[in-house]
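Position 24 (the sequence shown) corresponds to 9 in this note's numbering; numbering is contiguous. Where a beta carbon is used, it is the ideal one built from N, C-alpha and C, also for glycine.
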Amino acid sequence: MDKQNSSKRSGKKEKKETPSRLDSASHRDSPGKHHREKAQTQNQQKTQQMIFEPYWSAEAVGDGIKRGELIVGPIRINPKNYEDAYIPLPDGKSDLFVGGMMDRNRALNSDVVVVQPYPRDRWRVFVEEFEHYEMTHSMNNATEETGRTSKVVDVDDDGGGDSDDSGPDVIFDTDSDNEVDAVISKKPEPPSGTGEDQASLVQAVSGLKISTGASEISKKDEKMMAKISKIVDRINNKKATPTLKKNKFSSVSEMAKSGSPLARNLFGSGLSPEGEETDLQFVQRTGKVVYIYERKHSRAASGRLKLMPDKNKNVALFCPSDSRVPRIHIPMSECPKDFYQRPGDYASTLYIARIRKWDDGMKLPHGSLARSLGEAGQVEPETQAMLIEMDVDDSPFSEQVERCLPTALPWSIPESELSSRKDIRQFCVFTIDPATARDLDDALSIEEIGEGKYEVGVHIADVSYFVQEGTALDEVASQRATSCYLVQKVVPMLPRLLCEELCSLNPDNDRLAFSVIWVINEEGEIFSEWYGRSVIRSCVKLSYDHAQGFIDEPDKIWSRDELPPITNSFGVEDVKKRVLQLNKIAINLRKQRFDNGALRLDQVELMYSLNSETGLPNGYSIYQQKDSNRLIEEFMLLANMAVAHKITNTFPDKAVLRRHPPPQVKPLIHVEELCENLGLEVDAGTSGSLQRSLWKHYGDDEFSQARLQVLIVLISKPMQNAKYFCSGSLPDPSLYHHYALNVPLYTHFTSPIRRYPDILVHRLLAASLGYCDPPDKSPQLLHRQADYCNDKKLNAKIASERSNDIYFALFVKEAGPLEEMGMVMAVLDKSFDVLILKLGVVKRVYLERLPLRSHKFRKNHKCPELEIEWVADEKCNHRTRHLISLFTMVECMVFADKEPLRWSCLIKRPKEEIKFITTDE
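Structure follows, in structure tokens:
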């Protein structure tokens, strides 16, 4: 726990004793009277100056946790609304809501906090959801009498803001071994601008013939793009007209006092109309932060400097780019010398600031200016800022670390290692990786042994041989914990001498490996397995495209010129035959996994090609998983699962494993109900039933494929992160379960060059085989190390996503405006979210930016809908009505904003009325 908090207040407020008048009179002439009054005045002043509630003492927190009165968990702050934050409840089914800065009590995003839940009367109620519940209850009663029901609930179009801004913002982990593949972390922000400019923009973009695949732009289009740029500037410079907001939330006590009879009955007693205790979907528990258990946030932020509103000469105001980080007071002495006189000169400069102090009497934290990064919107300053914020260490490795590496180069394997390892250099071993990969940490082999059986080997670089425990190299690897993959570079976990040479399984080089070898048949039935240290020599470095070529054209006669050099006396046919054999087994292994209830959520992933001179994106391609990718995936998963069982059997209390908790129940049920109301059957009971539901909605037509993409995004949101842990830290083995893979035990063994947990697993496996002594670290220490790796992995993932966001914004600026098809995936009262299908990005479209005559929001069987009416224009001389609901296909226009690295999305007017709706005029 945080040491600085240990001296703070206890968990319960003590009632202050106030002296009676008799007491005061009797002590009127007491010598200590003056001191007591002075002390009382000071206490009152301190209370008045206090802005935040002081943190509880460590002792009080410990007692509260033991009694079950407090909740501990990571806090997530909504990037769309920094006033809203969430803590997962212990059962993992839903979140507790922390509303406002005061209740958040100085905690920053990802901090592990201790929360005191509020009593039931202060829980919040989703008013619209309750009203729908109330209406349904009334209709059910009416139906019994009349047999008639009403379907649609209309909500006035002058209502408040977007209701889902206050919903939970779940970040779903993506694993490189493809345990589950899904990414949801978009942060749309409302732009501004209204009126005729939107109509002009829509009309101008409609005249363009450019798409994202275009390589050349005509002079006519250049003129049109210049016109569009001016319109966009006008839109960005305009301010939106504020609207009156309708209350979307209430409290249980308010509903019990002033609500309808049903509300008073329901919230007054906590019972349903039938008299049973209810777990209502429209009620959310609330609470306040009373202690920061662990500061996970780096307390660093990128942003810009401004003068204080009162032009204070002693303090400047630092405004972070991330809205979840509060503004920070910076001493003027740390700012540029002429900043106060010429603040405009620094308006576009990006800085890094760190929070140093935030006491309970400070409205805003005090901090220091760490460094100037350069101009905002440029790749390198933005990348550096992002790495610092995510606490990704990209500094050069120290001399002390370098001294841990072999100095005699070229390095060769010592004779002692050759004699103690299984020598499989005579076998046909090869790697299959992306064409640009330089850190090759896995290789495969397969040999026929008769009776329809094969000896299949997965060979992983033996990084633990070089990274000895307790060395400076081990220390820096454990601190970095993972490599971080950005668009333009990789921030490695280990020095490049290891990543790209000594550990990398490069062809025609003897390399140390840790191998798992199975006797297996073509159906994927395993008869035996062997684990051990080995020496291998890869004969060829295949790319996924090379392996896919063998799979697609098995009868083709390949020449050596079509492939990379093949060594070790093997030929093209030797390699091709083995790839095809492995693929047959992989297909059956994959079928077994999904028959056993595995889940996979694939989303569009963009890969950029960069200009060699400017470093800017000049094109992109879409990552497609093919059979060759799946081949590698299946054998890596098989090795990880096998090693997980081996180390758990040997060290039941010290195995470093990876678990995937089930998704949050309430949000997943909401998706299930939403789809059911739209006529789509989605069974979210298990990972397997969820996968089968997705397959059921697969189709070859454009609409079916788009709908499947949206379904995957919606289902991904409630998913929780997969986590490393030590087996001794969880008393119940059922908690080891991996939801997406639907297996009882799983770990990471196959990527030790870029993941530190894999190195820990290699050491455990070595000890289980008698190569070294058992680990002397306690389960508690191993668990803390595993949990730290979770943090670093998540940070690296977010950094990777933000790098992609930077390059996407640059691509839009360079190549836009872009026209692409999209599908609606969420409908709010004044906006809707669109998944741009080809690009795989989600963006919010605001109605105030469209040339509309009117709009109307309503709910149809709990499904939100927007009926919008477009104004007449030069191309269409009549009004056009357009129904926007979940799964509506729309034509999207993507263009760069005036603000650096920001982009917006509008939709085009449909060519004809879509789902014409008859309404009373």
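Excluding the 5 residues preceding and the 5 following phenylalanine 451 in the sequence, name in chain order all residues of the same chain whose CB lies nearer than 7 angstroms to its CB.
As a working mapping, residue 451 is identified with position 466 in the sequence shown. Closer than 7 angstroms at the Cβ level, and outside the excluded window around phenylalanine 451, lie Leu483, Leu487 and Cys488.
Mind pulling the beta strand (DSSP E) runs of 3 or more residues that sit fully within the stretch 414 to 467?
414 to 418, 427 to 435 and 438 to 446
Mapping the DSSP letters down to three states, classify phenylalanine 412 as helix, strand or coil.
Translated into positions along the sequence shown, residue 412 becomes position 427. In the structure shown, phenylalanine 412 adopts coil according to DSSP, grouped into three states.
Closest to alanine 631 by CA distance: which of Val667, Leu749 and Ile654 is it?
Translated into the one-based positions of the sequence shown, residue 631 becomes position 646. A small fix is needed here, since residue 631 is lysine in this sequence, not alanine. Looking at the Cα atoms, Leu749 is the closest of the given residues.
For tyrosine 67, does the three-state DSSP call read helix, strand or coil?
The sequence position of residue 67 within the sequence shown is 82, counting from 1. In the structure shown, tyrosine 67 sits in coil (DSSP, three-state: anything other than H, G, I, E or B).
With which residues is alanine 498 paired in a DSSP beta bridge?
Stepping through the sequence shown from its first residue, residue 498 is reached at position 513. Looking at the DSSP assignment, alanine 498 forms a beta bridge with Ala446 and Ser519.
Going straight from the alpha carbon of aspartate 142 to that of glycine 600, what length do you get?
Looking up residue 142 in the sequence shown gives position 157. Looking up residue 600 in the sequence shown gives position 615. The predicted model places aspartate 142 with a pLDDT of 37, which falls under 50 and marks its position as unreliable; any figure quoted below should be read in that light. Going from the Cα of aspartate 142 to the Cα of glycine 600 covers about 46 angstroms.
Less than 9 angstroms separating the beta-carbons of glycine 509 and leucine 574?
The residue you call residue 509 lines up with position 524 of the sequence shown. The residue you call residue 574 lines up with position 589 of the sequence shown. It is a contact, given that the beta carbons lie within the stated cut-off.
Around the C-beta of phenylalanine 499, are 16 or more other C-beta atoms found within 10 angstroms, so that it is buried, or is it exposed?
Stepping through the sequence shown from its first residue, residue 499 is reached at position 514. It counts as buried.
Rounded to whole angstroms, what's the CA-CA distance from asparagine 299 to histidine 314? Just pull it up for me.
As a working mapping, residue 299 is identified with position 314 in the sequence shown. As a working mapping, residue 314 is identified with position 329 in the sequence shown. Rounded to whole angstroms, asparagine 299 to histidine 314 spans 10 angstroms at the Cα level.
Would you call asparagine 680 buried or exposed, if buried means 16 or more other Cβ atoms sit within 10 Å of its Cβ?
Here the question's residue 680 lines up with position 695 in the sequence shown. Note on residue identity: the sequence assigns tryptophan, not asparagine, to residue 680. With fewer than 16 Cβ atoms within 10 Å of its Cβ, tryptophan 680 is classed as exposed.
Answer yes if the stretch 701 to 716 comes into contact with the stretch 764 to 774, meaning at least three C-beta pairs across the two stretches below 8 angstroms, and no otherwise.
Using a Cβ-Cβ distance cut-off of 8 angstroms, the stretch 764 to 774 and the stretch 701 to 716 are in contact, since at least three pairs of beta carbons, one from each stretch, lie closer than that value.
Tell me whether the beta-carbon of tyrosine 118 lies closer than 9 angstroms to the beta-carbon of arginine 270.
Here residue 118 refers to the residue found at position 133 of the sequence shown. Here residue 270 refers to the residue found at position 285 of the sequence shown. No, Cβ-Cβ distance for tyrosine 118 and arginine 270 is not below 9 angstroms.
Three or more C-beta pairs closer than 8 angstroms, one from the stretch 810 to 821 and one from the stretch 611 to 618: is that the case here?
no
With three or more C-beta pairs closer than 8 angstroms as the rule, is the stretch 717 to 727 touching the stretch 627 to 647?
Taking 8 angstroms as the limit for Cβ pairs, the verdict is that the stretch 717 to 727 does touch the stretch 627 to 647.
Based on DSSP bridge pairs, tell me the residues matched to histidine 723.
Translated into the one-based positions of the sequence shown, residue 723 becomes position 738. Histidine 723 pairs with His645 and Val728.
Any idea if isoleucine 277 is buried or exposed, counting beta-carbon neighbours within 10 angstroms, 16 or more meaning buried?
Here residue 277 refers to the residue found at position 292 when the sequence shown is read from its first residue. Counting Cβ neighbours within 10 Å, isoleucine 277 comes out buried, since at least 16 surround it.
Compare the Cα-Cα distances from leucine 642 to each of Ile738, Thr865, Glu661 and Asp743 and report the closest residue.
Here residue 642 refers to the residue found at position 657 when the sequence shown is read from its first residue. Among Ile738, Thr865, Glu661 and Asp743, the Cα nearest to that of leucine 642 belongs to Asp743.
Tell me arginine 61's beta-bridge partners as DSSP assigns them.
Counting from one through the sequence shown, the residue named residue 61 turns up at place 76. DSSP, once it has assigned bridges, lists Tyr71 as partnering arginine 61.
Would phenylalanine 303 and valine 110 be called neighbours here (beta carbons separated by less than 9 angstroms)?
For this step, residue 303 is matched to residue 318 along the sequence shown. For this step, residue 110 is matched to residue 125 along the sequence shown. For phenylalanine 303 and valine 110, no; Cβs fall outside 9 angstroms.
Mind checking who proline 305 pairs with in its DSSP beta bridge?
The residue labelled residue 305 in the question sits at position 320 within the sequence shown. According to DSSP, proline 305 bridges with Gly288.
How long is the line joining the alpha carbons of glutamate 884 and glycine 362, rounded to whole angstroms?
Locating residue 884 in the sequence shown gives position 899, where the first residue counts as 1. Locating residue 362 in the sequence shown gives position 377, where the first residue counts as 1. Going by the C-alpha atoms only, they are around 8 angstroms apart.
Just the C-alpha distance for methionine 478 and leucine 394, rounded to the nearest angstrom, thanks.
By 1-based counting over the sequence shown, the position of residue 478 is 493. By 1-based counting over the sequence shown, the position of residue 394 is 409. For methionine 478 and leucine 394, the distance between alpha carbons rounds to 22 angstroms.
Looking only at its own chain, which residues have a Cβ that is under 6 angstroms from the Cβ of leucine 623, when we skip the five neighbours before and after it?
Position 638 of the sequence shown, counted from the start, is the residue given in the question as residue 623. Closer than 6 angstroms at Cβ, skipping near neighbours: no residue.
Distance, Cα to Cα, leucine 403 vs leucine 497?
Position 418 of the sequence shown, counted from the start, is the residue given in the question as residue 403. Position 512 of the sequence shown, counted from the start, is the residue given in the question as residue 497. Their backbone Cα atoms lie some 9 angstroms apart in a straight line.
One question on the structure: do phenylalanine 872 and leucine 663 come within less than 9 angstroms of each other, judged by their Cβ atoms?
What you label residue 872 is simply residue 887 of the sequence shown in a count that begins at 1. What you label residue 663 is simply residue 678 of the sequence shown in a count that begins at 1. Taking 9 angstroms as the Cβ cut-off, phenylalanine 872 and leucine 663 qualify as a contacting pair.
On the premise that lysine 708 lies in contact with arginine 644, defined as a C-beta separation below 8 angstroms, what is that separation, rounded to the nearest angstrom?
Here residue 644 refers to the residue found at position 659 when the sequence shown is read from its first residue. Here residue 708 refers to the residue found at position 723 when the sequence shown is read from its first residue. 6 angstroms between Cβ atoms; contact.
Count the other CB atoms, across all protein chains shown, that sit within 10 Å of the CB of glutamate 507; report buried if there are 16 or more and exposed otherwise.
Translated into positions along the sequence shown, residue 507 becomes position 522. Glutamate 507 comes out exposed.
Would you call glycine 801 buried or exposed, if buried means 16 or more other Cβ atoms sit within 10 Å of its Cβ?
For the purposes of this step, residue 801 is taken as residue 816 along the sequence shown, with counting starting at 1. Glycine 801 is buried by the Cβ-count criterion.
In angstroms with no decimal places, state the Cα-to-Cα distance between alanine 301 and lysine 291.
The residue labelled residue 301 in the question sits at position 316 within the sequence shown. The residue labelled residue 291 in the question sits at position 306 within the sequence shown. If you take the alpha carbons of alanine 301 and lysine 291, they lie about 6 angstroms apart.
Do histidine 840 and leucine 851 have their CB atoms nearer than 9 angstroms?
By one-based count along the sequence shown, residue 840 stands at place 855. By one-based count along the sequence shown, residue 851 stands at place 866. Taking 9 angstroms as the Cβ cut-off, histidine 840 and leucine 851 qualify as a contacting pair.
Over the uninterrupted alpha helix (DSSP H) stretch that includes alanine 957, give me the two end residues.
Residue 957 lies beyond the stretch modelled for the chain, which goes from -14 to 906, so this question has no answer here.
Short of 7 angstroms in beta carbon distance, which residues of its chain neighbour serine 678, apart from the five on each side in sequence? Order them along the chain.
For the purposes of this step, residue 678 is identified with residue 693 of the sequence shown, where counting begins at 1. If we look at serine 678 and ignore the five residues flanking it on each side, its Cβ neighbours are Glu666, Val667 and Asp668.
Within the same chain, show all residues whose beta-carbon is closer than 6 angstroms to that of aspartate 139, passing over the 5 residues directly before and after it, in chain order.
Counted from its first residue, the sequence shown places residue 139 at position 154. Model confidence at aspartate 139 stands at a pLDDT of 40, short of 50, so the residue's coordinates are unreliable; what they give is reported in the following sentence. Closer than 6 angstroms at Cβ, skipping near neighbours: Arg843.
Tell me whether glutamate 657 sits in a helix, a strand or coil according to DSSP, three-state version.
Locating residue 657 in the sequence shown gives position 672, counting from the first residue. Reduced to three states, the DSSP call for glutamate 657 is helix.
Which residues does DSSP list as the beta-bridge partners of glutamine 101?
Counting from one through the sequence shown, the residue named residue 101 turns up at place 116. The bridge partners DSSP lists for glutamine 101 are Lys273.
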